[in-house]
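Okay, so here's the structure we're looking at.
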Amino acid sequence: CASGGARMQEGSLSLMQMAKISSASYNYQSNKKLFYVSILTSPTTGGVTASFGMLGDIIIAEPNAY
């Protein structure tokens, strides 16, 4: 995952998409018993990190990918 983040200028709808994607990913992963590896590359910002970036069973990150 690499993201500049969802900006407020894009509207509240874009901010809500992170929650929808995270929920759908979690449900799919749980129902199908899938193994999820999350790879965080620089720059990865707070929106991705706080949502689907941290849902992985294994999380791998580059230096400075916060």
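For the sequence shown, UniProt numbering begins at 1 and goes up steadily by one.
Backbone N, C-alpha and C fix where the C-beta goes; we use that ideal spot for every residue, glycine too.
None of these values were measured; they are calculated from a predicted model.
- DSSP places S38 in the uninterrupted beta strand (DSSP E) bounded by 37 to 40.
- Residue state for A61 is assigned as strand, using DSSP reduced to three classes.
- Around the C-beta of T44, 16 or more other C-beta atoms lie within 10 Å, and the residue is accordingly described as buried.
- Sorting I58, N27, A24, S25 by C-alpha distance to the C-alpha of L40 places I58 at the top.
- Comparing alpha carbon positions, the residue from S30, S23, G46, G53 closest to V37 is G53.
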